[in-house]
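Residue numbers (the working numbering), protein chains in the order written: chain A, 1 to 113; chain B, 1001 to 1117.
Notes to accompany the following structure.
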């Protein structure tokens, strides 16, 4: 089955700097890669996703890149702000409506003022 | 759009009792919903896939007789933890799938924190 590895487990960056979180997946059939942000005591919130037919997607300060050959994808957050502090999860799925999402282990991002 | 709600948000029960958690898609219909549990500082672990009008599919190691799932309509799935014990204490999260087969997205509920005394 699919296995998603995520690094780093914790990340601390200065406010205004960029943060990068990297994930790898094992199943070449996976074609949908969402990223979720989870704040303490809340459910995960979808922040951006990418499908295998594109290599990069951007939404304001957030961007995701996908390298299908290497089976890895990354989340980039620029101009970080205190409200970006949270746990971020990458995930992989085969993308149909009945497909399971397999989560990475999570990255706890802290933004230093 | 694509809002998923859960009820209750927090529940405390005595050991041996049963607890029902509801998951609703508020502004879309979801033929498929998923149930996860999350322990502190850990990732989400899929428990089961809930399909409207059919039996749920459970992940390996998840007891179907202990975690009863009913997907009675296109907007409601319920998870019942039967004969709860302290080790069942966890954060339970549901998700619902919105969209077509080629563009579907999972949206998550806010979670239910279960504490079994």
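Just so it is clear, CB atoms sit at the ideal spot from N, CA and C, and this is done for glycine as well.
What's the gap between the Cα of residue 1003/B and the Cα of residue 1038/B? Rounded to whole angstroms, residue 1003/B and residue 1038/B show a C-alpha spacing of 20 Å.
Three or more C-beta pairs under 8 Å: does that hold for the region 78–90 of chain A against the region 1053–1068 of chain B? The answer is no - the region 1053–1068 of chain B does not touch the region 78–90 of chain A, with fewer than three Cβ pairs under 8 Å.
Does the region 1025–1035 of chain B come close enough to the region 1092–1112 of chain B to have 3 or more Cβ pairs within less than 8 Å? Look at the beta carbons and you see the region 1025–1035 of chain B touching the region 1092–1112 of chain B: at least three pairs across the two are nearer than 8 Å.
What separation, rounded to the nearest whole angstrom, lies between the Cα atoms of residue 1049/B and residue 13/A? Looking at the two C-alpha atoms, the distance is approximately 37 Å.
State buried or exposed for residue 1117/B, treating a residue as buried only when at least 16 other CB atoms are found within 10 Å of its CB. So residue 1117/B counts as exposed.
Which one of 1081/B, 1022/B, 1008/B has the shortest CA to CA distance from residue 1074/B? When each option's Cα is compared against that of residue 1074/B, the closest is 1022/B.
How many angstroms separate the CA atom of residue 1056/B from the CA atom of residue 1069/B? The alpha-carbon atoms of residue 1056/B and residue 1069/B are separated by roughly 6 Å.
Helix, strand or coil, according to DSSP, for residue 97/A in the structure here? Any answer about residue 97/A is weak, because its pLDDT of 49 lies below 50 and its placement is not dependable; what the coordinates show is given next. Residue 97/A: coil per DSSP, three-state reduction.
Pair every Cβ in the region 1076–1096 of chain B with every Cβ in the region 1106–1116 of chain B, then say whether three or more of these pairs are closer than 8 Å. Touching, yes, given that three or more Cβ pairs across the two stretches are closer than 8 Å.
Closer than 8 Å, Cβ to any Cβ of chain B: which residues of the region 39–52 of chain A, in chain order? Closer than 8 Å at the C-beta level to chain B, one finds these residues of the region 39–52 of chain A: 41, 42, 43, 44, 45, 46, 49.
Comparing alpha-carbon positions, which option in 1024/B, 1014/B, 1010/B lies nearest residue 1087/B? Here the closest residue by C-alpha is 1014/B.
Residues bridged to residue 1080/B by DSSP? Residue 1080/B is bridged to 1020/B, 1068/B.
By the 9 Å beta-carbon criterion, what residues does the region 88–109 of chain A contribute toward chain B? Residues 89, 91, 93, 95, 96, 97, 98, 99, 100, 101, 102, 103, 104, 105, 106, 108.
Cβ neighbour criterion (16 or more within 10 Å) applied to residue 37/A: Buried, by the Cβ-count rule.
Assigned secondary structure, residue 84/A (DSSP; H/G/I helix, E/B strand, else coil): Secondary structure at residue 84/A: helix, using DSSP grouped into helix, strand and coil.
Taking only three categories from DSSP, how would you classify residue 1059/B? In this structure, residue 1059/B counts as coil in the three-state DSSP scheme.
Label residue 1010/B either buried or exposed according to how many other C-beta atoms from any shown protein chain fall within 10 Å of its C-beta, with 16 as the threshold for buried. That one is exposed.
For residue 1029/B, return the contacting residues in chain A, with the cut-off set at a CB-CB distance below 8 Å. Residues of chain A whose Cβ lies closer than 8 Å to the Cβ of residue 1029/B do not exist, since the nearest Cβ in that chain is about 11 Å away.
Is residue 1043/B close to chain A, meaning its C-beta is less than 8 Å from at least one C-beta of that chain? So, interface residue.
Residue span of the beta strand (DSSP E) that contains residue 1030/B, given as start and end: It is not in any beta strand (DSSP E) - residue 1030/B carries neither H nor E in the DSSP assignment.
Along the chain, where does the beta strand (DSSP E) containing residue 4/A start, and where does it finish? Residues 4–7.
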